[in-house]
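Chains A and B are the protein sequences, given in the same order.
Quick note: the first sequence uses the working numbering, first residue 926, plus one each step.
Quick note: the second sequence uses the working numbering, first residue 363, plus one each step.
Heads up, the thing below is written out as structure tokens.
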Amino acid sequence: MPDFCFPAGLVNKKIMFIIKHKKIFIGLSIILVVLSLLSLFIFGLNIGIDFKGGALTEVVYKTERPIQAILDKSLLALNFGSVLLQPTGELGYIVKTRDLNDVEHSLLLKTLSPDGNNALTEMSFNSIGPSVGRELTRKAILAVILISLAIICFIAFAFRKVSKPVSSWKYGFIAIISLFHDVAIPVGLFVVLSHYYGAELDTLFVVAVLTILGLSVSDTIVIFDRIRENLKNQTAIAKINFSEIVGKSLEQSYVRSICTSLTVILVLLALFFFGPVSTKYFALMLTAGMFFGTYSSIFLASPLLVLVEEWQKKK
Amino acid sequence: MWKKIVLALIILILGAGVAFFVFKSEPKLNKNFTTASSFLKNHPFRLGLDLSGGSHLIYKADTSLVPANQVGDSMSALRDVIERRINLFGVSEPVVQVQHGGLISGSGEQLIVDLPGVTDVKQAIDMIGQTPLLEFKTEAPKGTPQTATIDKDGKAILDVNSQFVSTELTGRYLQKATLEFDTNTREPKVNLQFNDTGTKLFAQITKDNVGKMVAIYLDGAPISTPVVREEIPNGQAVISGSFTPTEAKQLVGRLNSGALPVPITLLSTQTIGAILGDHAVNAGVKAAFIGFLLVALFLILLYRLPGLVATLSLCIFISIILALFKLLPVTLTAAGIAGFIISIGIAVDANVLIFERVKEELRSGRNITDAISTGFSRAWFSIRDSNISNFITAVILFWFGTSLIKGFALTLGMGVIVSMFSAITITRIFLSTLSFIGEGKVARFLFSSGLSK
């Protein structure tokens, strides 16, 4: 880790660089968030069967996979509405349909293996009725609202003590802005991935968003706490150079901010590269969330704080 | 000093013991598993359907015709019936849950059925869909040949079934069963109310069988054999006997479900083949192992001796968590394993916070022992804050979630709690025993790290 091996003076300069060019970093974050939101509106969310209902059948053929065009034709004859056939692995297909009852399900399997000699194994079958999907959607929205409220309450609690020269609700507000930034970018990333690789918005996506909220809020709070601690230690409030104190606090806390995130990112990368298929996108989103959570507490939240203080002075 | 060393040794031995338990209670890791004690055998990891393979069915129960205050009763009666039906089928560890409708969960009463190992959905659905069979049988006329078997002790056992003959009266004619307590004896008794046809049939049966037994059969097995005292014309029957209140309540539940008070319809099905589950388990174990190695490497390279100590407490953390998964038990899903893996990363957060503080204190000129103790006490607030937000998320996710989310929230939440203990208490005890290495150059080197000057 040669990056960290700077003598104190140099580190300080490096950190002050962030404060000095804060508008560049804030601008960068704004661009990333805007890009994420744009991709969300352009590509839209690819909502999975967890939420909208439907059926997903995965089969693997024993010896040879039938040609897709032929299967497409015979699947069309089933009258299941739109049937989507995707090849998976060497010998498999994933079939996406509307939700199926058990009669329709066995009909589908028969169609996929018309002549008995092309045997297949059904790896998984998942059929979710529209009402279950609606219920889950409701639950997910409620959970997002509740967790956001709980986190905001937590932030309000963490910043309950009044502080000068920037009032404490502004700390809280900036913490929430950077939290939004931390969630928006992974969501944008997911939208792009789902557009090009067909990842679907499922229950785990919602869990990932909510976990990012929990994981990334603490980083910002730790750095803000340091800033206020350093402000308190200052004897004469009038003499405070706010941006210098923010820089000093950043210098004191950026190593451990990066290190605590790095341990989590390490295990998430292990999960992404070696873990089960079902949690791949989940791990990727959390990695992005963790990365931008740390990035934002150093390169967005603290510069924003200095910017706010400067605006106040101008007034 | 000696006290600290003894304490550290005790923790090491306990930790090793927990790890040994985890290791020995896994069939794949213990060669002598078949001869192991039943305690070890009874605590394998409990795998969720996405890992073990199996079926997950969600039924909607139509309770629109049931009075509001009896919905709960009929739902648990429904669950009992389906549970017994599945047990008859020989599925190991099925889970049948009632999910009540309400503000949070929304849409109506639901029944959730998990069948590990059952990958033939059609068979599973058929098995559950059968209508429970309630029958009333009368004593067979005298002289009917009776079958008897002789068991290995040489005693003759009379086959109960040959003593009774079927009647026309079945659960189809039962309107409902209720639980009552005798006003004098306080004994529980079960009231049956037949519908019109049932009333007539029952009157006829009781008229013909005064002084004899009438057997009530559920799914082909006698559950009660009351003796008829007189003809009963009003379609009301009372089963009294030496029930405990629980037994009586159970019987009422079964009888009511025999009459099938709540029709059910299948809402969604999920089946995961065993192969896919196996892949997921192997991948999960591999990811956990590699994740652990990366974190250990990171800690040791960055924090040297304290890093090694933190790795040791991370090992104890992992042993404790895995043992809890077995003992509680926690049903592990792919998402649950993800939660566990993430908690490995979070578990060392506290250590990183502490060690960074210790380094700061060392730099400000304290000796090693002082630096460690101030480092620990000063880092506490940051540790508390960073864990609170994770814990809030885990609790709300657990409260809200479907089984998939619950698995993740539970393993993550447990990880957060146990890691507070392992990263703070255990690491501290271990580190404080190391103060004997003194204040020399070597010691300073071991306690500082390559991160700063």
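All residues carry an ideal CB built from backbone N, CA and C; glycine is no exception.
- Three or more Cβ pairs closer than 8 Å define a contact, and the stretch 654 to 674 of chain B falls short of that threshold against the stretch 452 to 460 of chain B.
- Residue 599/B and residue 555/B have their C-alpha atoms some 7 Å from each other.
- The stretch 1045 to 1052 of chain A and the stretch 1063 to 1073 of chain A do not touch, with fewer than 3 CB-CB distances between them shorter than 8 Å.
- The beta-carbon of residue 414/B is placed no less than 9 Å from the nearest beta-carbon of chain A.
- Note that the C-beta distance between residue 777/B and residue 701/B is below 9 Å.
- Using a Cβ-Cβ cut-off of 9 Å, residue 375/B does not count as an interface residue toward chain A, since no Cβ of chain A sits closer than that to its own.
- One finds 1050 and 1052 in chain A with Cβ atoms closer than 7 Å to the Cβ of residue 631/B, taken in chain order.
- Burial is judged here by how many other beta carbons sit within 10 angstroms of a residue's own beta carbon; residue 1184/A has at least 16 and is buried.
- Measuring C-alpha to C-alpha distances from residue 688/B to each of 406/B, 807/B, 475/B and 481/B identifies 406/B as the nearest.
- Within the same chain, and ignoring the five residues on either side of residue 696/B in sequence, the residues whose Cβ sits closer than 6 Å to its Cβ are 412 and 642.
- In the DSSP assignment, the residues bridged to residue 586/B are 578/B.
- Under the Cβ distance rule, residue 473/B does not count among the residues neighbouring chain A, no pair being separated by less than 9 Å.
- In the DSSP annotation of this structure, the continuous segment of the beta strand (DSSP E) that includes residue 474/B starts and ends at 472 to 478.
- By the C-beta density criterion, residue 959/A is exposed, having fewer than 16 other C-beta atoms within 10 angstroms.
- Within the model, the alpha-carbon separation for residue 1107/A versus residue 761/B is close to 24 Å.
- By the Cβ rule, the stretch 1220 to 1237 of chain A does not count as touching the stretch 774 to 791 of chain B, because fewer than three pairs are nearer than 8 Å.
- Separation of residue 648/B and residue 609/B (C-alpha to C-alpha, rounded to the nearest whole angstrom) is 48 Å.
- Within chain B, the residues placing a beta-carbon under 9 Å from that of residue 1192/A are 649, 650, 652, 653, 654, 656, 657, 703, 704, 705, 706, 707 and 708, ordered along the chain.
- Taking C-alpha positions only, residue 771/B is separated from residue 691/B by approximately 15 Å.
- Note on residue 1209/A: 16 or more other CB atoms within 10 angstroms of its CB, so buried under the neighbour-count rule.
- For residue 478/B, the CB contacts under 8 Å within the same chain, skipping 5 residues up- and downstream, are 409, 411, 414, 415, 416, 453, 454, 455 and 456 in chain order.
- Rounded to the nearest whole angstrom, the C-alpha separation of residue 1068/A and residue 1058/A is 15 Å.
- Nearest CB-CB separation between residue 1140/A and chain B: below the 9 Å threshold.
- Restricting attention to 693/B, 421/B and 709/B, the CA atom closest to the CA of residue 675/B is found in 709/B.
- Short of 7 Å from the beta carbon of residue 1036/A, and not among the five residues preceding or following it, lie these beta carbons of its own chain, in chain order: 999, 1000 and 1003.
- Leaving aside the five residues that flank residue 1167/A on each side, the residues in its chain whose CB is nearer than 7 Å to its CB run, in chain order, 1090, 1231 and 1234.
- Cβ neighbours of residue 737/B within its own chain (closer than 6 Å, five residues either side excluded): 716, 719, 720 and 723.
- Spatial neighbours of residue 395/B in its own chain (CB-CB distance under 6 Å, excluding positions within 5 residues in sequence) are listed in chain order as 389.
- Here the alpha carbon of residue 966/A sits roughly 18 Å from the alpha carbon of residue 1122/A.
- Using a Cβ-Cβ cut-off of 9 Å, residue 1173/A does not count as an interface residue toward chain B, since no Cβ of chain B sits closer than that to its own.
- The stretch 1176 to 1183 of chain A and the stretch 366 to 381 of chain B do not touch, with fewer than 3 CB-CB distances between them shorter than 8 Å.
- Shown in chain order are the members of the stretch 1027 to 1039 of chain A whose Cβ falls below 8 Å from a Cβ of chain B: 1027, 1030 and 1031.
- Residue burial is scored here from C-beta neighbours: residue 1201/A has at least 16 other C-beta atoms within 10 angstroms and is therefore classed as buried.
- The shortest C-alpha to C-alpha distance from residue 986/A to any of 1012/A, 970/A and 979/A is the one to 1012/A.
- Chain order gives no chain A residues near residue 547/B, where near means a beta carbon separation below 9 Å; the closest approach is about 47 Å.
- Interface flag for residue 1011/A against chain B is unset, since no Cβ pair is found closer than 9 Å.
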